[in-house]
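In this note's numbering, the protein residues as written are 53 to 275. No residue lacks a Cβ here, since even glycine has one placed at the ideal position from N, Cα and C. Quick caveat: nothing in here was measured; it's all calculated off a predicted structure. All remarks here apply to the structure that follows.
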């Protein structure tokens with residue numbers, strides 16, 4: 053899957069003040085990409101990620117996925133596209149508190165009609181991520197690192213071609229953060245593309261490219 057963005061702009065008003073959260077941003081993600089998106093809080097990283105997967109509509113610009121304009125689809129079609137092609141790990145805690153860890157991971161599988169066994173696949177992912185012992189635990193019982201692993205299993209349940217992650221290691225200790233990045237690197241080697249927003253400059257060097265957001269604008273530094 054190839055994702056290309058052209059001249060994306062998203063503006064907001066705060067009282068009488070108008071500002072561009074994202075300003076005239078263009079980029080391209082290839083199948084083998086592992087891109088780290090860095091920048092200060094408020095620089096536009098989260099807004100850009102949300103537009104890239106169709107959760108937020110730009111004021112201007114377009115996003116092409118395999119040559120098709122993402123925003124020519126209606127809301128339901130974009131939702132189906134995300135569920136089919138993209139794994140998303142949002143910032144902060146995103147699991148549903150009334151579901152077990154395993155059922156949280158299985159949920160995206162059942163948002164569309166598809167063949168296969170979600171229970172078996174989720175358990176395989178939990179085993180790969182070293183959290184098999186947590187399948188019957190609830191989110192309130194899990195540590196930050198455990199929550200991240202469950203969120204990653206949820207993002208992987210439909211075998212996405214692209215994973216977008218927003219500050220996936222923001223509240224983790226350095227050893228757990230490194231484990232998460234090692235998992236990302238391993239999946240990238242298996243053909244999953246990544247776009248990861250992060251403040252962690254040390255770990256951002258694990259990607260094959262670094263992009264920086266500053267005041268809504270994007271610069272690209274190819275490693």
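Distance between residue j and residue i (C-alpha atoms, nearest Å)
i           : j           : result
residue 121 : residue 115 : 6 Å
residue 233 : residue 119 : 30 Å
residue 248 : residue 68  : 33 Å
residue 268 : residue 230 : 28 Å
residue 275 : residue 253 : Interpretation of residue 275 is limited by its pLDDT of 47, a score under 50 that renders its predicted location unreliable; the figure taken from the coordinates is listed afterwards. Spanning the two alpha carbons is a distance of roughly 14 Å.
residue 91  : residue 261 : 14 Å
residue 220 : residue 227 : 14 Å
residue 235 : residue 216 : 14 Å
residue 162 : residue 131 : 13 Å
residue 189 : residue 152 : 5 Å
Proximity to residue i [Cα-Cα], best of the options
i           : options         : result
residue 272 : 146, 88, 63, 59 : 88
residue 147 : 235, 76, 194    : 194
Residues that residue i bridges to, as DSSP identifies them
i           : result
residue 185 : Paired residues: none, contrary to the question.
residue 265 : 270
residue 112 : 61
residue 86  : 246
residue 22  : The shown model of the chain, from 53 to 275, leaves out residue 22, and the question about it has no answer.
7 Å CB neighbourhood of residue i in its chain, flanking five on each side removed
i           : result
residue 237 : 258
residue 198 : 183, 186
residue 160 : 135, 206, 209, 210
Cβ shell of residue i (< 8 Å), same chain only, five flanking positions each side left out
i           : result
residue 223 : 196
residue 168 : 161
Cut-off 6 Å between Cβ atoms - residues of its own chain near residue i, not counting five sequence neighbours on either side
i          : result
residue 55 : 81, 117
Burial state of residue i, where buried means 16 or more other Cβ atoms lie within 10 Å
i           : result
residue 140 : buried
residue 155 : buried
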